[in-house]
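**Student:** In this text, residue positions in the sequence shown follow our numbering: the first is 46, and each later residue adds one. One structure follows; several queries about it will come next.
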Amino acid sequence: MIHPSAEVSPQARIGPDTNVWNEAQVREGAVLGANCNIGKGVYIDRDVVVGDNVKIQNHASLYRGVVIEDGVFIGPHVSFTNDRRPRSITPQGRLLSDDDWQPEPTLVRHGASIGAGSVILPGVTIGRWAMVAAGALVTHDVPDHGLVKGSPASLTGYVCRCGRPLQAGEGASPDQWRCSACEATFNLPALRSK
Ligand SMILES: [Zn+2]
46 MIHPSAEVSP QARIGPDTNV WNEAQVREGA VLGANCNIGK GVYIDRDVVV GDNVKIQNHA
106 SLYRGVVIED GVFIGPHVSF TNDRRPRSIT PQGRLLSDDD WQPEPTLVRH GASIGAGSVI
166 LPGVTIGRWA MVAAGALVTH DVPDHGLVKG SPASLTGYVC RCGRPLQAGE GASPDQWRCS
226 ACEATFNLPA LRSK
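Take a look at the structure:
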């Protein structure tokens with residue numbers, strides 16, 4: 046379903062059973078997978094790639110260079126960025142064009158979640174099943190299952206595939222992390238103490 050008020054380029058590809066809601070814009074060359082939900086007012090820039098089963102909440106902005114793998118959640122008003130040194134003009138005052146720079150790629154891996162209002166700096170990889178807390182400013186890569194918070198965001202723990210926090214192992218296996226809700230276990234590096 047594409048809402049009549051959405052603007053989807055004829056050069057974009059939209060997978061089956063993907064919904065694009067009111068006033069969203071999907072630019073030329075963008076590729077969206079199957080079963081996605083693209084919320085009201087979302088902006089998907091040209092050549093952005095989105096996998097299957099992805100939820101993008103209202104007014105999130107995904108700019109050129111962003112790749113989203115399957116099963117990712119992107120909260121409302123999340124901003125991706127693709128230019129580490131943004132300028133509108135040259136030192137001489139000439140307006141810069143699209144040809145004057147190359148976007149830095151950003152990757153969000155399978156099953157990760159990005160909380161509302163977060164800002165993701167360019168060149169970052171957010172690992173599989175990672176969780177970015179609401180309002181975080183992500184300046185560095187996030188490891189698989191990593192929970193990051195704050196501005197700039199720092200790693201404070203790990204989360205399970207079910208979204209609950211993981212507890213660190215004890216004794217012989219400090220790298221063994223366990224979910225008390227679903228009892229899944231994961232081998233993840235011990236957190237550095239502060
Ligand atoms: Zn779990």
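Don't be surprised by glycine CBs; every beta carbon is placed ideally from N, CA and C.
Considering only heavy atoms of ligand 1, list every residue whose Cβ is less than 7 Å from one of them, following chain order.
**Tutor:** Answer in sequence order: 205, 206, 207, 209, 224, 226, 227, 229.
**Student:** Given residue 234, which residues of its chain have a CB within under 8 Å of its CB, disregarding the five upstream and five downstream residues?
**Tutor:** Working through the sequence shown from its first residue, we reach residue 234 at position 189. So the qualifying residues of the chain are 188, 220.
**Student:** Compute the beta-carbon to beta-carbon distance between residue 175 and residue 157, rounded to the nearest angstrom, for a pair I have assumed lies under 8 Å.
**Tutor:** The count along the sequence shown starts at 1 and reaches residue 175 at position 130. The count along the sequence shown starts at 1 and reaches residue 157 at position 112. Rounded, the Cβ-Cβ distance is 5 Å, consistent with contact.
**Student:** Just to confirm the assignment, what range does the beta strand (DSSP E) spanning residue 258 have?
**Tutor:** Here the chain has residues from 46 to 239 only, and residue 258 is not among them.
**Student:** Looking at the C-beta of residue 50, does it have a partner C-beta in chain C at a distance below 9 Å?
**Tutor:** Going by chain labels, chain C is absent from the structure shown, which holds only one protein chain.
**Student:** Can you round the beta-carbon distance between residue 105 and residue 123 to whole angstroms, since I take them to be within the 8 Å contact cut?
**Tutor:** Locating residue 105 in the sequence shown gives position 60, counting from the first residue. Locating residue 123 in the sequence shown gives position 78, counting from the first residue. Correct: roughly 4 Å between the Cβ atoms.
**Student:** What's the C-alpha gap between residue 82 and residue 74?
**Tutor:** If you number the sequence shown from 1, residue 82 lands on position 37. If you number the sequence shown from 1, residue 74 lands on position 29. Answer to the nearest angstrom: the Cα atoms are 18 Å apart.
**Student:** Within this structure, are the beta carbons of residue 109 and residue 127 separated by less than 9 Å?
**Tutor:** Counting from one through the sequence shown, the residue named residue 109 turns up at place 64. Counting from one through the sequence shown, the residue named residue 127 turns up at place 82. Result yes, Cβ atoms of residue 109 and residue 127 sit closer than 9 Å.
**Student:** Relative to the alpha-carbon of residue 120, which residue among 54, 212, 99 has its alpha-carbon at the smallest distance?
**Tutor:** One-based indexing of the sequence shown puts residue 120 at position 75. When each option's Cα is compared against that of residue 120, the closest is 99.
**Student:** Round the Cβ separation of residue 190 and residue 172 to the nearest angstrom and send it over; I've been treating them as touching at under 8 Å.
**Tutor:** On the sequence shown, residue 190 is found 145 positions in, with the first residue counted as 1. On the sequence shown, residue 172 is found 127 positions in, with the first residue counted as 1. Right, their Cβ atoms sit about 7 Å apart.
**Student:** Can you tell me where the beta strand (DSSP E) holding residue 213 begins and where it ends?
**Tutor:** Taking the sequence shown and counting its residues from 1, one reaches residue 213 at position 168. Its beta strand (DSSP E) spans residues 211 to 213.
**Student:** Cα separation between residue 62 and residue 137?
**Tutor:** What you label residue 62 is simply residue 17 of the sequence shown in a count that begins at 1. What you label residue 137 is simply residue 92 of the sequence shown in a count that begins at 1. Rounded to the nearest angstrom, the two C-alpha atoms are 49 Å apart.
**Student:** What's the call for residue 107, buried or exposed, on a 16-neighbour Cβ count within 10 Å?
**Tutor:** Looking up residue 107 in the sequence shown gives position 62. Buried is the call here.
**Student:** Note the first and the last residue of the continuous beta strand (DSSP E) segment covering residue 222.
**Tutor:** Taking the first residue of the sequence shown as 1, we reach residue 222 at position 177. 221 to 224 is the span of the beta strand (DSSP E), which, as asked, contains residue 222.
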